[in-house]
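Undergrad: Got a structure here, written out as structure tokens. Questions coming.
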Amino acid sequence: MANKGKISKDDLLRFVAILLIHIQMMNSQVLPEISDTELSYTDEQMNHIREKRDVNTDIVEYIFIVDVNVPQVILMDQIKSLVASKSPIQADNSTKIDALNLTAKVPPPTTTPAAPTKTTTTTTITTTTTTTVVRLLSFSLTINRRFDFALTETSSETYKTYKKDIQSSINESYKSVPGYKPNSANVTKFRPGSVIVDFTIEATSDNLNLDSANKQLASSLRSQGYSVSDNASSQIVNGGLYNSSDYIYPDSTLKLTCNPPENNDITWKMNNNKLVTSDKYTVDNLILTVNRVTPADSGLYECSTTVNSVPYVIRQSITIQPYPDIQITLSKVVKCENTAIPLQCCFQGMYKGNWSTACRSTAPVTTGCISCDYEINKQTCQNNDQVILVTCQLTPLSGSTTQRYSKNISINVQDRGFSCFDTIFGAGDSGAISIANCTGDMVGNQTAKCNSSGHWDIIENNCIPRIFQTLINDAKILQIVDIPQFMTNLSSATVGTQNVTTSPATILTIVEILNTISELSSTVLVNQPIMKDFLQIVDVIGAEGARNTWVSLNTKNTTLNASSELLKSTEDFARRLRDENMNITTNTTSLSKTNITAPFSGTFGKNLTTQINIPVTGTQTPLTVIISSAFNNILPVRSLTNNDSNQTGTSINGDVVLIETTSTINNISLSIDIKNNTLGNPQCVFWNFNLLNDIGGWDSTGCQLKKLGNETERITCECNHTTSFSILMSPFTLDKKLAIILDYITYIGVAISLGSLVLCLIIEMIIWKSVTRNDTSYMRHVSIVNIAVSLLIANICFLIGAAVVKKGVGPCSTATFFMHFFYLALFFWMLLSALLLLYRTLMVFSRMSKGAMMAIAFTVGYGAPLIIAVITVASTAGSQGYIQKDYNCWLNWSKTKALLAFVIPALTIVAINLLVLIVVLCKMLRRGVNATTQPDEKHPLLIIARCVAILTPLFGLTWGFGIGTMVSPNFGIHVVFAFLNSLQGFFILMFGTLLDSKVREALARTFSLSNLSSIRTRSTSAGPSSSSGFPFFQRLRQRNVYNVSSAEMSSSNSDTATDSYAARPML
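Following the UniProt record's numbering, the numbering of the sequence shown begins with 1 at its first residue and continues without gaps.
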């Protein structure tokens, strides 16, 4: 018997109506009359339905049996023909009529009128029920813009703007993609690495063709001001590279497996850095093996390929656990007696520990530690000193690695008396030093000294709260995106922990953490909450109670730069603030950031203690000002001239002002309220991080004090970097008014020297043949010409350097190199000139060939300076320590002491030339004493004085005043130095050329100038003199026991020719 199942009459009528519409053919046809509206199915039909469902649950088959009364048999034939031609029939998108089986049932004949034929139509209808599965697909989009931490705050305007723009662009660009669900784009996260946007979409397929849509998306975002490339979008699958839940420990092997839908040129990356096969990595297409992993291998790993021309990336963040930080009880000496020595071993939570030596376990004082008491038995150590090793051994908490880590505690048991003994520092004699672990919830160590009363006095405490040890460990493996929460945790710990200000070790740890975060955040923009957390931390460690702690840190050799590092981190954070107006106020610090246009004047500070005036800027520029009294306690008072960080009577007498801009400001005026009216002699200084071998100090370069009448409550500083000639040897800079005077002297003197040197070279060209007829005269004039050329080019480079000081490192370094080279060449040629005089003085009849002298002269004159200049730039340029950037185009002093590469050779040559001058003068004095004075001759002392006056500039002796500028900022010394050396070219023209009688005679012959030729030096028995104004040499020769025939030499290389350096008496 057939089972019957009921469906609604409406559904049945719907299918029958469809059937009747398709079988109507003739205009005159009368529609069949529906008899029964009941749907029934047999057992066999039900089984068929079940079988179909087992094959495909999305397709369901129904068999409908419909009874239709047809009045005429011929009509039935027509219906069969029609059904045969129309099957199958697609009713709608989800329903299809596969077959219509018509059978006719004719009732038996009766005596009654003929009944209509009853036709049973069996209709098999297949209904395909399509269940639409909506898939959530993940993508990422890279925007070439510096990451802003405001993008991590869902409530920030930046976050809302980015999300709105990007979502609307995605929806608009993807709407025509088949399978994409309209308006389903959702931005889920922003990540650093430029700006990486993570977003999801809903689609009916996980294999969408998005190539053209992604290009449209990039174009849409570019039109809105976002920097996006056409291939900036990629489909993202999170996770799947490493499926184990175990920790990954150091020194183990990490294997990552990539399973993309299509294997097209797999590329592996770690933190956006492409990985290739090396000793560290093994890249085997779908498998990446990282050998002997370390915590530095932690990061975001990606394998990428292309699917439908769209980048397809599978990524997973991998964390390598740190090496175990095993902190054990320090080894100690103990007394032989029945006692228990408490031992402790602490480590990170991803390890488990145990004692390898028999030791009675005790409850740990703090979490993450194991503790025990080691029993000392007096009977076993009497008359037998013992060294006992107790080992703390760690094993990984999970994973398959067999790595083991351990540390030993040494207990030295001695059977003798001690002055001091306790369980913490052990035993020791009077005056002994012992180092022990910190107690309680502190980590680190403390040092004690045994006093005469038998107690251990703590002399150094390096203990820090365990929370800061945890934070510094976390900071080393911190990801950029986690910085905001980390800074909140650090601020809470710093503010909430007691005795932070009195612990140097804790302050150093906090400074180290801030430096680490500063380096980590170098590529992102800092938002207001992070900056506020930073300043609150500085408030705590720079509080008044921390002053003595900082004094100790600033005087200890190992921590001299801690304050400078903290200030640098503060400036770095301020420099990275996002481009928006903000104001932050903490207990001792205020921060204000605003956009300014010139001229600008504003008052800043929590109590409006500082006024800033900026007369000129190029365009609108952001200005960040931090006014902090905390740094008064943090920074020392050391400077270049006084490296004592604890100068008695010297203090920072005003708030420390930090100013950051994105453009160069050459002139700025700051009016600062002073704190102590009883202090005098104010100085305007700025903190120079490169001073004193990079430990940092206060520098007055480019800043001067401006007095405002009888103002006693406020001082005004004007800062403007200037260039003066004295900077060649001096790391000092004078006050601005005095520096301007020095500038005038420098530039006027250099201009006069340039003209004089050009004139000197022209004269040498004109008279060259006339004055170089013998070897000695030839070499003397070669020296003068090269001295003039070197000084001329060096002065030109000096002027160029002053003009390009703000043009960047390249032009400034170039000017510095050539200035260095040619100034050194000047000194070496002056050295050669002095040695030539010495040679002719001591070796009267010895002769060296002109070729040999020329070879030596040019090798020394230019070869030695070139070697020194090249070595200097090669050894200092790599560390950015070649020049004094932003101040002067000259060799660096504060960072690398590159200036010594000029000072040492120059002053050495000056010293040698001075010795030569002294030897020559001694020779003259000895001869003058034994000689008979002629009535018309001047006194020898006057002649010697004239000799000194002439040879001093020729030998470069005036550069000796550079020693004074190296050790003193005295204005008088700088003036003398600048005056004499800026005019050196003029002195060379006067004393080296114009006062030479032979030069004057040659000029007279050339230009027939009788007034020049009338001035002649008396001839001696040795012939005409080229004594450079030294007539005393002729007089000295007249008094000697020998005579050389008086004949003017015509040969340019005659061995008997004489000049001021040639004819000398025999000794």
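Cβ atoms here follow ideal geometry from the backbone N, Cα and C, with glycine treated the same way.
Buried or exposed: which applies to Cys719, given that a residue is buried once 16 or more other Cβ atoms fall within 10 Å of its Cβ?
TA: To locate residue 719, count along the sequence shown from 1; it is residue 719. With 16 or more other Cβ atoms within 10 Å, it is buried.
Undergrad: Please list the segments of the alpha helix (DSSP H) lying wholly inside the stretch 506–559, counting only runs of 4 or more residues, in order along the chain.
TA: 528–541 and 547–555
Undergrad: Under 8 angstroms by Cβ, that's how I've got Ala857 and Leu832 pegged, so tell me the actual separation to the nearest angstrom.
TA: The count along the sequence shown starts at 1 and reaches residue 857 at position 857. The count along the sequence shown starts at 1 and reaches residue 832 at position 832. Contact flag correct, Cβ pair sits at about 5 angstroms.
Undergrad: Identify whether Gln498 lies in helix, strand or coil by the three-state DSSP scheme.
TA: Position 498 of the sequence shown, counted from the first residue, corresponds to residue 498. Coil at Gln498, not helix or strand.
Undergrad: Grab me the residues of Phe604's own chain with a C-beta within less than 6 angstroms of its C-beta, minus the 5 sequence neighbours each way, in chain order.
TA: Looking up residue 604 in the sequence shown gives position 604. Result list for Phe604: Ser592, Thr610, Val625 and Ile627, in chain order.
Undergrad: Would you kindly report the start and end of the unbroken beta strand (DSSP E) that includes Glu268?
TA: Here residue 268 corresponds to residue number 268 of the sequence shown, with the count starting at 1. It is worth fixing the name first, because residue 268 is Trp in this sequence and not Glu. Its beta strand (DSSP E) spans residues Thr267 to Met270.
Undergrad: In the DSSP output, which residue or residues are listed as bridge partners for Glu202?
TA: For this step, residue 202 is matched to residue 202 along the sequence shown. Glu202 pairs with Leu136.
Undergrad: Relative to the ligand NAD, is the shortest distance from any of its heavy atoms to the C-beta of Arg575 smaller than 6 angstroms?
TA: The ligand content of the structure shown is nil, which means the ligand NAD is not present either.
Undergrad: Can you tell me where the alpha helix (DSSP H) holding Asn795 begins and where it ends?
TA: Here the question's residue 795 lines up with position 795 in the sequence shown. Start and end: Asp775 to Ala803.
Undergrad: I'd like to check one pair, Phe817 with residue 1116: are the Cβ atoms closer than 7 angstroms?
TA: Residue 1116 cannot be examined here, being either before or after the span of the chain that is shown, 1 to 1067.
Undergrad: For my contact list, Lys181 and Ala203 are in at a C-beta cut-off of 8 angstroms; report their separation, rounded to the angstrom.
TA: Numbered from 1 along the sequence shown, position 181 holds the residue referred to as residue 181. Numbered from 1 along the sequence shown, position 203 holds the residue referred to as residue 203. About 6 angstroms separates the two Cβ atoms, so the contact holds.
Undergrad: Could you tell me if Ser35 is buried or exposed, where buried requires 16 or more neighbouring beta carbons within 10 angstroms of its beta carbon?
TA: Numbered from 1 along the sequence shown, position 35 holds the residue referred to as residue 35. For Ser35, the pLDDT reaches just 40, beneath the cut-off of 50, and the residue's location in the model is therefore unreliable, leaving the point undetermined.
Undergrad: Buried or exposed: where does Asp533 fall if 16 or more other Cβ atoms within 10 Å of its Cβ makes it buried?
TA: Within the sequence shown, residue 533 is the residue found at index 533, counting from 1. Looking at its Cβ environment, which holds 16 or more other Cβ atoms inside 10 Å, Asp533 is buried.
Undergrad: Could you name the residues of the same chain whose beta carbon sits closer than 8 angstroms to that of Val134, not counting the 5 residues immediately before and after it, in chain order?
TA: Taking the sequence shown and counting its residues from 1, the one referred to as residue 134 is at position 134. Lys181, Glu202, Ala203 and Thr204.
Undergrad: Following the continuous beta strand (DSSP E) through Glu565, name the residue where it begins and the one where it ends.
TA: Start at 1 with the first residue of the sequence shown, and residue 565 comes out as number 565. Glu565 -> not in any beta strand (DSSP E); alpha helix (DSSP H) instead, spanning Ala562 to Arg575.
Undergrad: What three-state label does DSSP hand Ile627 in the structure shown?
TA: The residue labelled residue 627 in the question sits at position 627 within the sequence shown. Ile627 falls in the strand class under three-state DSSP.
Undergrad: Are Ala979 and Ile745 close, meaning C-beta to C-beta below 7 angstroms?
TA: Here residue 979 is taken as the residue at index 979 of the sequence shown, counted from 1. Here residue 745 is taken as the residue at index 745 of the sequence shown, counted from 1. Note on identity: in this sequence residue 979 is Phe, with Ala being the wrong assignment. Yes, they are a contact pair.
Undergrad: Under the DSSP definition of a beta bridge, which residues are partnered with Leu221?
TA: To locate residue 221, count along the sequence shown from 1; it is residue 221. Answer is none; Leu221 lacks a bridge partner.
Undergrad: Thinking Arg360 and Glu375 are a contact (beta carbons under 8 angstroms), I'd like their distance in whole angstroms, please.
TA: Walking along the sequence shown from the start, residue 360 turns up at place 360. Walking along the sequence shown from the start, residue 375 turns up at place 375. So it is a contact: roughly 7 angstroms between Cβ atoms.
Undergrad: So Ile464 packs on Ala505, CB below 8 angstroms; how close in whole Å?
TA: Here residue 464 is taken as the residue at index 464 of the sequence shown, counted from 1. Here residue 505 is taken as the residue at index 505 of the sequence shown, counted from 1. Indeed, because the Cβ distance is near 5 angstroms, the residues count as touching under 8 angstroms.
Undergrad: My guess is that Leu241 and Ile314 are in contact by the Cβ rule of under 8 angstroms, so how many angstroms apart are they, rounded?
TA: Here residue 241 is taken as the residue at index 241 of the sequence shown, counted from 1. Here residue 314 is taken as the residue at index 314 of the sequence shown, counted from 1. The pair is a contact, with the Cβ atoms about 6 angstroms apart (cut-off 8 angstroms).
Undergrad: Which same chain residues end up closer than 8 angstroms to Phe190 when comparing Cβ atoms and leaving out the 5 residues on each side of it in sequence?
TA: Counted from its first residue, the sequence shown places residue 190 at position 190. A distance below 8 angstroms between beta-carbons, with the five flanking residues on each side excluded, links Phe190 to the following residues of its chain, in chain order: Phe147, Leu151, Thr152, Tyr159, Tyr162, Ile196, Val197 and Asp198.
Undergrad: Quick check: the Cα distance between Asn561 and Thr555, rounded to an integer number of angstroms?
TA: Locating residue 561 in the sequence shown gives position 561, counting from the first residue. Locating residue 555 in the sequence shown gives position 555, counting from the first residue. The alpha-carbon atoms of Asn561 and Thr555 are separated by roughly 10 angstroms.
Undergrad: Mapping DSSP to helix, strand and coil, what is Glu718?
TA: For the purposes of this step, residue 718 is taken as residue 718 along the sequence shown, with counting starting at 1. Here Glu718 sits in strand by DSSP.
Undergrad: Nearest-angstrom Cα distance between Thr366 and Gly440?
TA: As a position in the sequence shown, residue 366 is number 366, starting the count at 1. As a position in the sequence shown, residue 440 is number 440, starting the count at 1. Going from the Cα of Thr366 to the Cα of Gly440 covers about 7 angstroms.
Undergrad: Under 8 angstroms: do the stretch 241–258 and the stretch 279–287 share three or more Cβ pairs, one atom per stretch?
TA: yes
Undergrad: Given that a residue counts as buried once 16 or more other Cβ atoms are within 10 Å of its Cβ, and exposed if not, what is Gln224?
TA: What you label residue 224 is simply residue 224 of the sequence shown in a count that begins at 1. Gln224 comes out exposed.
Undergrad: Pull the bridge partners of Lys352 from the DSSP assignment, please.
TA: The residue labelled residue 352 in the question sits at position 352 within the sequence shown. Bridge partners of Lys352: Thr395.
Undergrad: According to DSSP, is Lys274 part of a helix, a strand, or is it coil?
TA: Working through the sequence shown from its first residue, we reach residue 274 at position 274. In this structure, Lys274 counts as strand in the three-state DSSP scheme.
Undergrad: Answer with buried or exposed for Lys335, where buried requires no fewer than 16 other C-beta atoms within 10 angstroms of its C-beta.
TA: For the purposes of this step, residue 335 is taken as residue 335 along the sequence shown, with counting starting at 1. It counts as buried.
Undergrad: DSSP three-state label for Ser452, please.
TA: Position 452 of the sequence shown, counting from 1, holds the residue named residue 452. If DSSP states are grouped into helix, strand and coil, Ser452 belongs with coil.
Undergrad: Identify the residues that DSSP records as bridge partners of residue 1134: which are they?
TA: Within the shown structure, residues of the chain are numbered from 1 to 1067, placing residue 1134 beyond reach of any answer.
Undergrad: Can you say whether Asp539 is buried or exposed, counting buried as having 16 or more other CB atoms within 10 angstroms of its CB?
TA: What you label residue 539 is simply residue 539 of the sequence shown in a count that begins at 1. Classification of Asp539: buried, given that the 10 Å Cβ count is 16 or more.
Undergrad: Give me the Cα-Cα distance between Ile787 and Trp550, rounded to the nearest whole angstrom.
TA: Counted from its first residue, the sequence shown places residue 787 at position 787. Counted from its first residue, the sequence shown places residue 550 at position 550. Roughly 53 angstroms between the two C-alpha positions.
Undergrad: Less than 7 angstroms separating the beta-carbons of Thr494 and Ile537?
TA: Translated into positions along the sequence shown, residue 494 becomes position 494. Translated into positions along the sequence shown, residue 537 becomes position 537. The answer is yes: Cβ separation under 7 angstroms.
Undergrad: Check whether the Cβ atoms of Asn981 and Thr952 sit closer than 7 angstroms, and answer yes or no.
TA: By 1-based counting over the sequence shown, the position of residue 981 is 981. By 1-based counting over the sequence shown, the position of residue 952 is 952. Not in contact: Asn981 and Thr952 (Cβ atoms no closer than 7 angstroms).
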